[in-house]
Structure formats: C-alpha cells, structure tokens
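Numbering (the UniProt record's numbering), first residue to last: 1 to 197. All C-beta atoms, glycine included, are put in the ideal place defined by N, C-alpha and C. Computed from a predicted structure; not experimentally measured.
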Amino acid sequence: MSDPLGAEALDQIFREARTVNEWQDREVSDAQIHEIWELAKMGPTSANQLPARLVWCKSQESRERLAAHAAEGNRHKILTAPVCVIVAMDEDFHEQLPWLFPHTDAKSWFEGDEEGRKVSAFRNGTLQGAYLILAARALGLDCGPMSGFDNAAVDKDFFADEPKWKSNFICSIGYGDRTGLFPRSPRPDFDVFNRLL
C-alpha cells in the first residue's frame with residue numbers, strides 16, 4: 001500500500017468534516033457528481049455486488065418531489081442543497097453478478113434467497129453510501145446525510161419502474177455554510193466501544 005495520508009487530508013475527510021444542514025449558493029456540477037461516483041464505486045462490496053442505486057436530485061423539481069416525502073425538519077435541508085442523492089439498493093443485484101463478478105457463478109448463490117439478498121443489498125449498499133460521503137469530502141464537498149423521510153413514498157415516487165430498488169437514506173451534497181454549526185457531539189476514546197483481543 002501507499003504511505004499514510006497526511007494530516008490535512010485526514011482532517012478534511014474525517015476530523016474536521018461535519019454534517020451540515022445549511023448550504024452556500026454554489027453549484028455542484030455534473031462533472032463533480034461523476035467524480036464522486038468514480039471514487040465511491042472503488043470501495044469494496046461482497047463479491048463486487050455494487051447493489052447501491054443512486055438517484056441524484058439536482059433540479060428544483062426533483063428536490064421538491066423528494067422534500068415532499070421528508071420530515072418537516074428535513075425539507076429545508078433538501079430544498080436548499082445544490083444536489084441531494086437518494087442512496088437506494090437493488091434487492092435483485094444478483095442479476096448483475098455475471099459481469100460484475102465473472103470469476104464464478106455468483107448469481108446462483110443468491111437465486112431463490114430473497115431474504116438473503118435483502119440483507120446483503122442493505123449491508124453492501126450502506127457501505128457504498130458511506131464511500132459516497134467519503135468521496136464527496138475528499139473532493140472538497142460537504143455532506144448532510146439523513147433519515148427522516150417516508151421510504152415507501154420515495155420508492156413509489158422515484159422507483160415505480162424499478163420495484164426492487166429500495167431507498168436507504170438521503171444525502172445532501174454541496175458547499176456547507178458552517179456558521180450555525182453546534183459543537184461536535186462526543187466521539188469516545190478507543191476503550192469505550194472497542195475490544196482488542
């Protein structure tokens with residue numbers, strides 16, 4: 001592997017990065033969205049499943065549609081962000097495995113096991129959502145991931161043509177306005193939530 005990243009890069013991606021709720025009036029370009037994907041897709045998933053399906057709500061109309069399904073406290077975060085991505089997962093991801101994981105017949109591992117596919121899609125799709133956040137931060141953008149929306153309504157509105165796509169969480173992306181941020185919530189020391197055996 002390469003040498004460790006420097007302190008400045010680690011600060012940008014982790015230590016100084018914050019979840020933001022207010023946004024500067026600055027565009028996120030289509031090219032930047034493509035850059036985020038080009039980085040995020042490189043993160044590992046089981047058998048290269050890549051079950052995440054991303055819907056980038058950039059137009060005012062699409063963000064209004066999305067905000068209509070969000071909790072009241074989240075609507076402003078969606079409407080004022082330059083782009084808001086629905087991080088969803090394809091519960092029939094196994095259909096893509098013949099070309100995504102051609103080394104063996106991985107598709108057969110999941111055929112006839114709908115519940116197993118749901119578990120795997122959720123786990124690996126969530127990983128991909130985390131990679132997306134790290135990729136956006138690495139490219140100098142801020143993120144505002146959120147729950148607090150009606151998943152079934154979002155799925156019906158945005159995925160009517162893909163009934164096996166299910167929303168997981170939403171993430172606003174742009175250039176954050178940090179003036180109103182409250183202090184970072186606690187991050188515990190190693191021994192609180194870790195066991196080293």
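query	result
contact_flag[the region 45-63, the region 119-129] where n(CB pairs < 8 Å) is 3 or more	yes
8 Å Cβ shell around Q24 - same chain, five flanking residues per side excluded	G174, Y175, G176 and D177
Three-way DSSP call (helix, strand, coil) for R187 in this model	coil
Nearest candidate by alpha-carbon position, reference Q60, set A70, K41, H69 and P82	P82
According to DSSP, residues forming a beta bridge with I173	V83 and C143
Contiguous alpha helix (DSSP H) assignments of at least 4 residues, all confined to the UniProt domain "Nitroreductase" (17-175)	30-40, 60-67, 72-80, 97-100, 107-110, 114-138 and 151-158
Cβ neighbours of D90 in the same chain (closer than 7 Å, five flanking residues each side left out)	P51, R53, A121, K164 and W165
Cβ of L134 within 8 Å of any chain D Cβ	Of the chains in the structure shown, none is chain D; there is only one protein chain.
Neighbourhood of A135 by C-beta distance below 6 Å, restricted to the same chain and skipping five residues each side	I36, L39 and A40
Burial state of N21, where buried means 16 or more other Cβ atoms lie within 10 Å	buried
Member of F93, A106 and N151 whose CA lies at the smallest distance from the CA of V119	F93
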